[in-house]
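Numbering (the UniProt record's numbering), first residue to last: 1 to 203.
What follows is one structure encoded as structure tokens, with my remarks underneath.
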């Protein structure tokens, strides 16, 4: 069970950074040692800090995202205060700068922040899709954080001179499939109409 909202401490920059970079290193094999962070940390890969005190509060939604293009895909970038700046700058002396706070944006999406702090709930007590930023800004079918990581990957490759490769599954498979299902009526068992239990893909 999650703690009451009244006792939740603000999420520090260090915690957000560690959380996102942990997931980044899970996505790519053998990520070299490289410093990634905000300007005050003087990292090799600098991300412009734009989240302000958002994560010190308990608001479910950040300001509207800007739209930027990466690899031919138009993407939403939350916490982007200077959308006129180039998204990624590959600088001399093995440095790079990302001019949108994709560390904060990735943390927001990966952590389920909106689901936890929003008061919107359906009849089962779940956060409804209709209340999500994915629905509001129409990007539910776009793997936004994967694209954020691709930007970060490009910056890391520039600063280290090492090409990063996606982490593969068993037998070097590029993806894996997991079959899941929802249980909305816990105690109904066989009494539920079979047609309603049938998935469109299997019926």
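Cβ atoms here follow ideal geometry from the backbone N, Cα and C, with glycine treated the same way.
Between residue 17 and residue 103, the C-beta spacing is below 8 Å.
In the three-state scheme derived from DSSP, where H, G and I count as helix and E and B as strand, residue 116 is classed as helix. Separation of residue 81 and residue 63 (C-alpha to C-alpha, rounded to the nearest whole angstrom) is 10 Å. Scanning 142, 181, 166 and 173 for the CA closest to the CA of residue 28 turns up 166. A distance below 7 Å between beta-carbons, with the five flanking residues on each side excluded, links residue 10 to the following residues of its chain, in chain order: 55 and 56. Between residue 100 and residue 118, the C-beta spacing is not below 8 Å. Under the three-state reduction of DSSP output, residue 139 falls in the coil class, being neither helix nor strand.
Burial check for residue 46: the Cβ neighbour count within 10 Å reaches 16 or more, so the residue is buried. If you draw a 10 Å sphere on the C-beta of residue 178, you find fewer than 16 other C-beta atoms in it, and that means exposed.
DSSP assignment within the stretch 56-122 yields the following whole beta strand (DSSP E) runs of 3 residues or more, N-terminal first: 66-70, 73-77, 88-91 and 95-98. Per DSSP, the unbroken alpha helix (DSSP H) holding residue 14 starts and ends at 13-27. Per DSSP, the unbroken beta strand (DSSP E) holding residue 45 starts and ends at 45-47. Each of 83, 23 and 75 was checked against the Cα of residue 144, and the nearest Cα belongs to 75. DSSP places residue 146 in the uninterrupted alpha helix (DSSP H) bounded by 144-160. Burial check for residue 114: the Cβ neighbour count within 10 Å reaches 16 or more, so the residue is buried.
Nearest to residue 72 by C-alpha distance, out of 21, 85, 108 and 147, is 147.
If you ignore the 5 residues before and after residue 68, its C-beta comes within less than 8 Å of the C-beta of 74, 75, 77, 80, 83, 87 and 100, all in its own chain and listed in chain order.
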